[in-house]
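Asker: At position 164 of the sequence shown the residue is numbered 168 (my numbering), and the sequence of numbers has no breaks.
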Amino acid sequence: MTTAPYLPHSPYFSEIIAAPKPDAGTVAPSFPTREEWLSVFVKYMRPVFAAAGSPLPEKIRISCAFPVRTTTAIGQILSHRLSADQTREIFISPVLSDAARVCDVVIHELVHAALPEGTGHKKEFRRLALKLGLAGKMTATIAGDKLRAWLDSIIPVFLGPYPHSKVASLDTGKKQTTRLVKLQCPACEMIIRTTRQWLEETGAPLCACGGHFAT
């Protein structure tokens, strides 16, 4: 039996490509870590983004970890300015364990990576997201039918099982007893909350995307 080859670099635009049929006896690879599995999927998506006219930046690092400053986000990308080596850091929440769902969240974050920082979820994000097969509300996309079918066909052959088990959310659901001020980044639309005293003493914080939070 032979290991499945790397996914061919087949470009697509509005139509999701059909997954190539594996040779008889081909078995899916088995990756020892989540980060390796995620990184290989990013590698597969690079020529797809390039073909769509929005190539990905060279320096991307992806990890399975709880996104920073939030207990509800299932994916997050940080500004290159927050990394010592100018790398775009992507975090995929460990509450996700379904491989296809993980992949469509990765694609969402890669759309952010392919566009200028601060683009948010507006017109350019929507254009590229729809072209790549994402659907639904742009701040919380899911795989459209064609993209989901494509992912379901390539994952068993070219990625194998996602080497991860679901982790419980850090959101305890406890009622907040201190009244907090809601802040939103105008660039990426991330929302945080803080005390008015802290805000008056230190000012509005810097968002992970590089923008400044505002009330």
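Ideal placement from N, C-alpha and C gives every residue a C-beta, glycine not left out.
With distances taken from CA atoms, which of 213, 167, 217, 218 is nearest residue 84?
Answerer: 213
Asker: Excluding the 5 residues preceding and the 5 following residue 110 in the sequence, name in chain order all residues of the same chain whose CB lies nearer than 8 Å to its CB.
Answerer: 42, 45, 46, 49, 66, 79, 94, 96
Asker: I need the straight-line Cα distance from residue 210 to residue 145, nearest angstrom please.
Answerer: 25 Å
Asker: What's the gap between the Cα of residue 34 and the Cα of residue 75?
Answerer: 30 Å
Asker: Here's a check: name, in chain order, each residue in its chain whose Cβ is nearer than 6 Å to the Cβ of residue 124, leaving out the five neighbours to either side.
Answerer: 191, 192, 193
Asker: With distances taken from CA atoms, which of 81, 36, 217 is nearest residue 60?
Answerer: The shortest C-alpha separation from residue 60 is found at 81.
Asker: On a Cα-Cα basis, can you pick out the residue from 51, 54, 90, 53 that is closest to residue 64?
Answerer: 90
Asker: Report all residues from its chain with a CB closer than 8 Å to the CB of residue 119; omit the five preceding and five following residues, and keep chain order.
Answerer: 58, 128, 129, 132
Asker: Residue 105 lies in the beta strand (DSSP E); which residues open and close that run?
Answerer: Looking at the DSSP string, residue 105 is not in any beta strand (DSSP E); the run it does join, the alpha helix (DSSP H), is 103 to 118.
Asker: So what's residue 171 in DSSP terms, helix, strand or just coil?
Answerer: coil
Asker: So what's residue 146 in DSSP terms, helix, strand or just coil?
Answerer: strand
Asker: Take the Cβ of residue 116 as the centre, count every other Cβ of all protein chains shown within 10 Å, and call the residue buried at 16 or more, exposed below.
Answerer: buried
Asker: Exposed or buried, residue 158, counting other C-beta atoms within 10 Å across all chains shown (16 or more means buried)?
Answerer: Looking at its Cβ environment, which holds 16 or more other Cβ atoms inside 10 Å, residue 158 is buried.
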